[in-house]
Structures are given as C-alpha cells and as structure tokens.
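Asker: Pasting a structure here, questions to come.
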Amino acid sequence: MKQILAAWLVVGTLSVPVAVAAKKLESDGNGREQEVPLDDWIDVGVLGADGAPLWIEKKRIARGENTFTAAVAGKPARAGIDPLNKLIDRRPKDNTVAVEMP
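The numbers in the working numbering rise by one with no breaks, and the one at position 1 of the sequence shown is 23.
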C-alpha cells in the first residue's frame, strides 16, 4: 500500500483516501499457490489509534489497485483492506498503513 495523507473536509471531519492493491491466491493440497480471479466484497476501513474502526465498508475489490475515500470524525491512525483481519492471509500486517495527518 502507498502512503495515505488525510485532509480536512470541515472542522472535525477528515477525508482519508484509501488505495489498496489486491490479488487472490489459491493453494492446492501440496501448498503450491496460484493466482485466481479476484472479484470479491472485502472490508475497507480506517482505524483509530486504539484499533477501533472509524469507518468500515464492504467494497467490491478487483485485482490490481482500487481507490476509495472515507470521511471520518475521529483521528485516523491506519487505513487499508481487511483491517480487522477477517480473511485468511499469510501477511496480515501489510493490509493497513499509517495515515499521515495534515
């Protein structure tokens, strides 16, 4: 994921652009992975410093880069795809990145 820079919309509300890149892999019985088509509804979200969601929505995600914008009332700390780690993922720490404040 790329750097995320929040911007003020109005007093107390921030606009947070969330750009995610995704692909879907499937493993056979021997652990060999191969890429399969991705066209799934996956949570995209913005988390506060305590890890609580400030904004989460299911979005239709296709392979490659997808961009969304969230309006949040609290101070965002991290944003990304599957922020609550509901999906099986070998590297869940790369699902979100830090949000930089203006």
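Where a beta carbon is used, it is the ideal one built from N, C-alpha and C, also for glycine.
Might you give, ordered along the chain, the residues of its own chain that have their beta carbon closer than 8 Å to the beta carbon of Thr35, omitting 5 neighbours on each side?
Answerer: Ala93, Val94, Ala95
Asker: Compare the C-alpha of Ala71 against each of Ile110, Pro105, Asp116 and name the closest.
Answerer: Pro105
Asker: Taking 8 Å as the cut-off, decide whether the C-beta atoms of Ala101 and Val40 are in contact.
Answerer: yes
Asker: Taking Cβ positions, are Asp61 and Ala84 nearer each other than 8 Å?
Answerer: yes
Asker: For the candidate residues Val119, Leu47, Gly73, whose alpha-carbon lies nearest to that of Leu109?
Answerer: Leu47
Asker: With Ala95 as the anchor, note down where its beta strand (DSSP E) starts and where it stops.
Answerer: Where Ala95 is concerned, there is no enclosing beta strand (DSSP E), given that its DSSP letter is neither H nor E.
Asker: Between the Cα of Pro75 and those of Gly51, Pro59, Thr118, spot the shortest distance and give me the residue it belongs to.
Answerer: Thr118
Asker: What's the call for Gly67, buried or exposed, on a 16-neighbour Cβ count within 10 Å?
Answerer: buried
Asker: What did DSSP end up calling Pro75 once you bin it into helix, strand or coil?
Answerer: strand
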